[in-house]
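Numbering (the UniProt record's numbering), first residue to last: 1 to 121.
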């Protein structure tokens with residue numbers, strides 16, 4: 001973990017991103033609404049499985065997911081994942097299709113039920 005420092009403009013504490021995280025420090029979008037979306041069935045949208053794209057939530061849902069959970073096939077729910085903080089998938093996919101390699105945990109939205117908190121304009 002990086003050490004805490006004060007943000008020069010706001011005075012708020014800032015924790016530097018860890019190496020390998022996917023959050024975008026250039027995202028200066030101001031979101032005006034935050035909504036919890038529950039009971040989402042598997043989406044079937046293959047864009048969720050495309051590697052480490054941290055912007056796929058904006059492309060598909062039109063907003064920024066701030067936290068999410070996956071419902072596993074046994075019916076249990078995961079803990080909360082936060083994009084760019086703890087959402088790097090522990091499974092590295094191998095195979096001959098274009099979905100191989102490292103990806104984010106939200107890749108499970110493709111074939112698992114899920115819920116999320118999203119910020120939109």
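Glycine residues also receive a C-beta, built at the ideal position from the N, C-alpha and C atoms.
Keep in mind the model is a prediction, meaning the values are calculated, not measured.
Here residue 46 is exposed. Its C-beta has fewer than 16 other C-beta atoms within 10 Å. Under the 10 Å beta carbon count, residue 56 is surrounded by 16 or more other beta carbons and is classified as buried.
By alpha-carbon distance to residue 34, the top candidate from 49, 52, 66, 59 is 66.
Counted as a single uninterrupted DSSP element, the beta strand (DSSP E) harbouring residue 34 occupies residues 33 to 40. Non-local beta-carbon contacts of residue 29 in its own chain, meaning distances under 8 Å to residues more than five positions away in sequence, involve 64, 121 in chain order. Under the criterion of beta carbons closer than 8 Å, residue 80 and residue 71 do not qualify as touching, at roughly 13 Å. One thing to note: residue 113 has its Cβ within 8 Å of the Cβ of residue 41.
Annotated three-state conformation of residue 85 is coil, per DSSP.
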